[in-house]
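Residue numbers (the UniProt record's numbering), protein chains in the order written: chain F, 1 to 497; chain H, 1 to 497. Even for Gly, the Cβ is constructed at its ideal location relative to N, Cα and C. Note that the structure is a prediction, hence the values are computed from the model and not measured. For reference, the structure is listed below as C-alpha cells.
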C-alpha cells in the first residue's frame, strides 16, 4: 500500500501543453478576480469602496438588463411545449402570429419530436430561414444562398472550432488573424498547435487594413515560422475595435485569400450592430459574389450568432455558418465533425430561425416587435457615441469611434512611474502582470469596473488598451465613465514622472 | 489571371489527418444511405419494397414517438418566457408545482437574464440540483457531492471532448476503452492523435470485464505503442452491449486506475435504464468513496446526460460531469476550456436541473409525472426483453440479455458464401465494406431497417455484430424483428455454403 501511494505521488499527470498554452482573456484573470470580489461582497466581507460591480468585460446584454424580444420567446415557449397549443385559453393569450409561427415550426419538426436530436447540420426549416435571410440581406446576389450551405452551430464559437480543427494540423499550418482580435481565435490556434500570423489593424485610421501588410504577414509566416496560412480571419464589424470595413478593403482581402489559397473566415456576428452615420453592413459573401472571375470562387465561411445584434440571446448558444466554394472533401469532413457532436442544441436552432425571420408586417406582433427592437438598438447607438466621446476626455485616453459591434477599445497612455510601480509589484508578488493587466486589476479593485486589458486581444508592441462594452444601461454607464475617470486622474496624480 | 487560376488548381488544401481519420458510425455510412433512401421515397422515386424506414441506429427516443415528460417542458416554457408568469390566466392553466418551480429557478437566474451567458460551469442552481441528486442516488456516501465538482455541458459528448483534450497530447498518450465501445470515444482519440488501448468485454459472460485483461492491455499500450494510458473509459450500463457491471468488477477497475495513475472516465448516461431483474445501478463514485485508502482517492470524472434515461431530451444537449480527486492543475485547465466556449446552452442546463429534481410527492404534478415516467420505462423494459428473446430465435443470431441501456448487440454468423459475395461486390464497386457493414447495407436496402454494424463499435477479431435500439414503439418493433428475420432467412437460403 505504501509502495503504491509513493508511486502515485511520484507520478505526475501531464497535461496537453496546447491546452495549457491557450488563453481566453474575456473570462481570464480580471473577470475571475471580479467573481471573487462579488462573492466577498455577497458574504459581507471585502470592505471595497463600492457596493457592486459593473461587468463591462463581456458582450452579455441580458445580464445587463437588456430585455429579450418578446415574439421570439413566445414562439420558443410554444415550440417547447406543443401541448400548450391544444389549450384554447392559453392560445388566446398569445398573439396570432406567434401561434401561427409555432404551428409552422412544429409542422416541420414533428409535434412529438421537439426534444429529439436533429440532423447533424440542424433543422431543415431553420436552415431554410437562414438562407432566406441571407438572400434578403445581400440583395439577391447570384447565386442565391440555399439551405445546403448552412450549418447550425452552438454559437459562432463552434463554427470557428470545427473549421480550424479541420484545416489546422499543427505547426506547419498558419492562421492570419487581425490584431487586435477576439481571443477565441488565438485560443483555438493554440489548442491545435497552429501558428498565428497577425496582421495589424491601423488604429489611427479607424482600425483599417493595409493590403501591403497582408502580404508581409503571409510571407513572414511562410519564411520565418515555416507554416502555410490556411485560414484568413476577418472580423467585421470589429471586435474589440468597433470599426466597420470599407468595401475596397474587403475586396483586397478577398483577392488576397483567393491568390493564396486560403479559406476566408468572416466573423460577422455584429452585422446588425452598426451605429455610425453613413456606415452600413456589407457581407463578405456579397463582395465575393460580385467580384469578377476567378475571385468570385474564393472559399468563404461566414459566421453569425444569436448572441449579439439586438436579439442578445447569448445563453441559447445559437448560430450558423454559411460556406461557399469549399472543396468537397473539406465540406464532407465538416459534416462528419458535426455528426460526432450529433447536433447543435434545438433551442439555439429555433432561436436562429427566429432571428432570421422576425414577425412580418401586418401581423399582430409586428408593431410591438419593431418598437422593442428600435428601443434596444437606439440605446446601443446612443451609448456607443457617448462612450467614445466621454472616454476621449479622460487623461491619457484616445478612443476611435465605435462605428459598430458592442465595444470601445481606447488606447491608454500611462506614466513611466506607473510602469515602475507594476515592475515592483510583480517582483514582490512573483508574477508577470502586463502593464495593462495591472491597470485593469487596480481599476477593478478600486472602482468595481470590470474591463479586459488590451493584451488579451493583442495590440501593437509598445501600445496599451482596454476593452469595455457599451452594454450597461445609461445610468450604470455614467458610473462606469465617472469611475474610470476618477481612477485615471488619481493614477496620474500619484504616479508622476 | 490565368497564372493565378492555374496556381490555385495546383494547390491542394490539406486537411487535418486526425480529422480525416476520425469515424462515427452511428451517423456514418448506413444512416447516410438511409437518409438518401428517405429522400428518394419522399420524392416518389426509389421503388423500394417498403414505404418508410425504421431508424434503429441511434438512441433518439422522441424521434420514435416517445413523449416528453410534461412537467419538465412546462417549467422550461415558463422559464423561457418569464412574462407568462405575470398573466394570471396563463398561470391558472399550469399546475401549481410547475409555477412554483419556474419562479424558484427564475429567482436564481434573475428574471431578466434567462437568455444571458451563465458562468463557465453553468447555473449555480442547476449545479446544486445535480449535487443533491447524486447524494440522494448514492445514499449519502461520504464526502457529499457539492456543486463545486459539477460542470454542466452540452450533452455528455462535450465532457468527453474536454477531458480527453486536456489529457491527451498526441501519440505518447493512450486511452483504455472497452471493446465494443460507443464511437464518440474512438473519434475523440483520433482527433487528438492519441492511442487506443482496447480491453475486450467477454461476450459469453454477459460482456463482463476480466481484471487480468486490463493489465495486458495497459502493458501492450506501453510496450508496443510506446504510449502511457492516461484515461480509462468505463461505460455502465454498456453501450452498445447493454450489460450492467458488477460491483466487484467496478472495484477491480478502480484499483487498476489508481495503481496506474489514470483518470477513470465513467460514462453513466444510462444509469436510469436498467431492466434486468436483480440488477441495479451502482455509480463509480459510490464505489470509489466506499473503498479503503488510498483507492478512495482515485481520480474520477462521471458523465450524465438529458438525452437518455426516461427523459430522452437529446436535442437539448444537456448534461454534466462530476469530478472527484482531480489534481488542481487539471481542474483549472478544464475550467479554462469551458470558459473558451463561454457556457453550455441554458435550455440544456435547465433540463439538467429538472432531470435531477422531478416533481416532489404531494405536488399537483407528482401523480401524472409518475405515471408518464412508468409508462415510458415499462415500455422500454418490455421491449428490451422481447427484442433479445426474439432475436435469439433468428438463424445465425446470438444475443446477450439487454440488462440495461437502450440497445441489443447480437452476434451475427453468416455463411461463407455471403463473405464471398461481399468480396465480389467490393471488387466490383472498388470499395472495402466490412462484412457486417455489407450486411447492414443490404438489410437497409431490402427491408428499410437502419442498424449500425458492429465494426463501428469494435468487436473481437473474427466476430460480427450489429446494434439496434429498443426504442421503436411496440408495433414498429414487431416490424423490425419480422423484417430482420425475413432478411436473414433469405440470406441463408441464397448463400448456401
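Practice task
Scan the segment 10-21 of chain H for residues whose Cβ lies nearer than 9 Å to a Cβ of chain F and list them as they occur along the chain.
Solution key: 11, 12, 13, 14, 15, 16, 17, 18, 19, 20
Problem - residue 55 (chain F) - partner residues in DSSP beta bridges - result: Walking along the first chain from the start, residue 55 (chain F) turns up at place 55. Answer is F:450, bridged to residue 55 (chain F).
Practice task
Kindly say whether residue 65 (chain H), judged by its beta-carbon, lies nearer than 8 Å to any beta-carbon of chain F.
Solution key: If you number the second chain from 1, residue 65 (chain H) lands on position 65. Output row for residue 65 (chain H): interface = yes.
Handout entry: Positions along the segment 158-180 of chain F whose CB lies within less than 7 Å of some CB in chain H
Key = 165, 166, 167, 168, 169
Problem - Selection from F:25, F:414, F:138, F:439 that minimises the alpha carbon distance to residue 425 (chain F) - result: Counted from its first residue, the first chain places residue 425 (chain F) at position 425. The residue with the shortest Cα to Cα distance from residue 425 (chain F) is F:439.
Problem - C-alpha distance - residue 217 (chain F) paired with residue 176 (chain F), whole-angstrom precision - result: Residue mapping note: residue 217 (chain F) aligns to position 217 of the first chain, counting from 1. Residue mapping note: residue 176 (chain F) aligns to position 176 of the first chain, counting from 1. Approximately 8 Å between the Cα atoms of the pair.
Problem - Proximity test, Cβ basis, 8 Å: residue 476 (chain H) and chain F - result: Residue 476 (chain H) sits at position 476 when you count from the first residue of the second chain. No, no contact with chain F.
Practice task
Please look up how many angstroms separate the CB atoms of residue 236 (chain F) and residue 196 (chain F), rounded, as I've assumed it's under 8 Å.
Solution key: Translated into positions along the first chain, residue 236 (chain F) becomes position 236. Translated into positions along the first chain, residue 196 (chain F) becomes position 196. The pair is not a contact, with the Cβ atoms about 19 Å apart (cut-off 8 Å).
Practice task
Using alpha carbons as the reference points, say which of H:112, H:257, H:150, H:471 lies closest to residue 353 (chain H).
Solution key: The residue labelled residue 353 (chain H) in the question sits at position 353 within the second chain. Selected option, being the one with the closest Cα: H:150.
Exercise for the section: Compute the distance between the beta-carbons of residue 391 (chain H) and residue 408 (chain H), then report whether it is under 8 Å. Expected result: As a position in the second chain, residue 391 (chain H) is number 391, starting the count at 1. As a position in the second chain, residue 408 (chain H) is number 408, starting the count at 1. Yes, Cβ-Cβ distance for residue 391 (chain H) and residue 408 (chain H) is below 8 Å.
Handout entry: the segment 96-115 of chain H / the segment 393-403 of chain H touching (three or more Cβ pairs under 8 Å)
Key = no
Practice task
For the alpha helix (DSSP H) containing residue 155 (chain F), list its first residue and its last residue.
Solution key: To locate residue 155 (chain F), count along the first chain from 1; it is residue 155. Unbroken alpha helix (DSSP H) run through residue 155 (chain F): 155-167.
Exercise for the section: Apply the 10 Å Cβ neighbour rule to residue 336 (chain H) and answer buried if 16 or more other Cβ atoms are within range, or exposed otherwise. Expected result: To locate residue 336 (chain H), count along the second chain from 1; it is residue 336. Per the 10 Å Cβ criterion, buried.
Practice task
Please go through the same chain and pick out, in chain order, the residues whose beta-carbon is closer than 6 Å to the beta-carbon of residue 211 (chain F), but skip the five residues on each side of it.
Solution key: In the first chain, the residue the question calls residue 211 (chain F) occupies position 211. Within the same chain, residue 211 (chain F) has close Cβ partners 252.
Problem - residue 487 (chain F) versus F:263, F:444, F:89, F:81, residue with shortest Cα-Cα distance - result: Start at 1 with the first residue of the first chain, and residue 487 (chain F) comes out as number 487. If we check each option's Cα against that of residue 487 (chain F), F:444 comes out closest.
Exercise for the section: Below 8 Å on the Cβ atoms is my guess for residue 282 (chain H) versus residue 324 (chain H); work out the distance and round it to an integer in Å. Expected result: Here residue 282 (chain H) refers to the residue found at position 282 of the second chain. Here residue 324 (chain H) refers to the residue found at position 324 of the second chain. Rounded, the Cβ-Cβ distance is 15 Å, inconsistent with contact.
Exercise for the section: Provide the residue span of the beta strand (DSSP E) that contains residue 264 (chain F), from first to last. Expected result: As a first step, residue 264 (chain F) must be located in the first chain, where it is residue number 264. That run of the beta strand (DSSP E) goes 263-267.
Practice task
Spatial neighbours of residue 372 (chain H) within its chain, please: CB distance less than 6 Å, with the 5 preceding and 5 following residues excluded, ordered by chain position.
Solution key: Walking along the second chain from the start, residue 372 (chain H) turns up at place 372. The answer, listed in chain order, is 69.
Practice task
Closer than 7 Å by C-beta to residue 376 (chain H): which residues in its own chain qualify, once you throw out the five before and the five after it? Chain order, please.
Solution key: Taking the second chain and counting its residues from 1, one reaches residue 376 (chain H) at position 376. If we look at residue 376 (chain H) and ignore the five residues flanking it on each side, its Cβ neighbours are 66, 310.
Exercise for the section: Determine the direct distance from the alpha carbon of residue 104 (chain F) to that of residue 138 (chain H), and round the result to whole angstroms. Expected result: If you number the second chain from 1, residue 138 (chain H) lands on position 138. If you number the first chain from 1, residue 104 (chain F) lands on position 104. Computed Cα separation, rounded: 44 Å.
Handout entry: Test: residue 343 (chain H) CB closer than 8 Å to a CB of chain F
Key = Looking up residue 343 (chain H) in the second chain gives position 343. Yes, residue 343 (chain H) lies at the interface with chain F (some Cβ there is under 8 Å from its Cβ).
Practice task
Give a single yes or no on whether residue 338 (chain H) has its beta carbon closer than 7 Å to a heavy atom of the ligand NAD.
Solution key: As for the ligand NAD, it is missing from this structure, which has no ligand bound.
Practice task
Using a Cβ cut-off of 9 Å, pull out every chain F residue sitting near residue 89 (chain H), in sequence order please.
Solution key: Here residue 89 (chain H) refers to the residue found at position 89 of the second chain. In chain order: 89, 90, 92, 93.
Exercise for the section: Grab me the residues of residue 359 (chain H)'s own chain with a C-beta within less than 6 Å of its C-beta, minus the 5 sequence neighbours each way, in chain order. Expected result: By 1-based counting over the second chain, the position of residue 359 (chain H) is 359. Hits under 6 Å: 71, 97, 365, 366, 369.
Handout entry: Closest residue to residue 304 (chain H) among H:284, H:295, H:292, H:298 (Cα-Cα distance)
Key = Along the second chain, one-based indexing puts residue 304 (chain H) at 304. Residue H:284 is the option with its Cα nearest to residue 304 (chain H).
Practice task
Look up residue 331 (chain H) in the DSSP assignment and say whether it is helix, strand or coil.
Solution key: Numbered from its first residue, the second chain carries residue 331 (chain H) at position 331. If DSSP states are grouped into helix, strand and coil, residue 331 (chain H) belongs with the helices.
Exercise for the section: Give the DSSP-derived three-state secondary structure of residue 398 (chain H) in the structure shown. Expected result: Working through the second chain from its first residue, we reach residue 398 (chain H) at position 398. In this structure, residue 398 (chain H) counts as strand in the three-state DSSP scheme.
Handout entry: Distance between residue 89 (chain H) and residue 89 (chain F) (C-alpha atoms, nearest Å)
Key = The residue you call residue 89 (chain F) lines up with position 89 of the first chain. The residue you call residue 89 (chain H) lines up with position 89 of the second chain. Approximately 8 Å between the Cα atoms of the pair.
Handout entry: For residue 380 (chain F), the first and last residue of its enclosing alpha helix (DSSP H)
Key = Counted from its first residue, the first chain places residue 380 (chain F) at position 380. That run of the alpha helix (DSSP H) goes 366-391.
Handout entry: Contiguous alpha helix (DSSP H) assignments of at least 4 residues, all confined to the segment 42-110 of chain H
Key = 70-80, 88-92, 96-109
Handout entry: Cβ-Cβ separation, residue 22 (chain H) to residue 187 (chain H) (assumed contact under 8 Å), whole Å
Key = By one-based count along the second chain, residue 187 (chain H) stands at place 187. By one-based count along the second chain, residue 22 (chain H) stands at place 22. Yes, residue 187 (chain H) and residue 22 (chain H) are in contact; Cβ-Cβ is about 5 Å, under 8 Å.
Practice task
Kindly indicate which three-state DSSP category residue 224 (chain H) falls into: helix, strand or coil?
Solution key: Here residue 224 (chain H) refers to the residue found at position 224 when the second chain is read from its first residue. Coil, per DSSP.
Problem - Test item: CB-CB of residue 266 (chain H) and residue 300 (chain H) under 8 Å - result: Taking the second chain and counting its residues from 1, one reaches residue 266 (chain H) at position 266. Taking the second chain and counting its residues from 1, one reaches residue 300 (chain H) at position 300. A contact, by the Cβ cut-off of 8 Å.
Handout entry: Under 8 Å between C-beta atoms of residue 315 (chain H) and residue 115 (chain F)
Key = Here residue 315 (chain H) corresponds to residue number 315 of the second chain, with the count starting at 1. Here residue 115 (chain F) corresponds to residue number 115 of the first chain, with the count starting at 1. The answer is yes: Cβ separation under 8 Å.
Problem - Residue nearest to residue 357 (chain H) in terms of C-alpha spacing, selected from H:491, H:133, H:288 - result: Locating residue 357 (chain H) in the second chain gives position 357, counting from the first residue. Looking at the Cα atoms, H:133 is the closest of the given residues.
Exercise for the section: List the residues of chain F that residue 348 (chain H) touches, going by C-beta distances under 9 Å, in chain order. Expected result: Counting from one through the second chain, the residue named residue 348 (chain H) turns up at place 348. Those are 317, 345, 347, listed as they occur along chain F.
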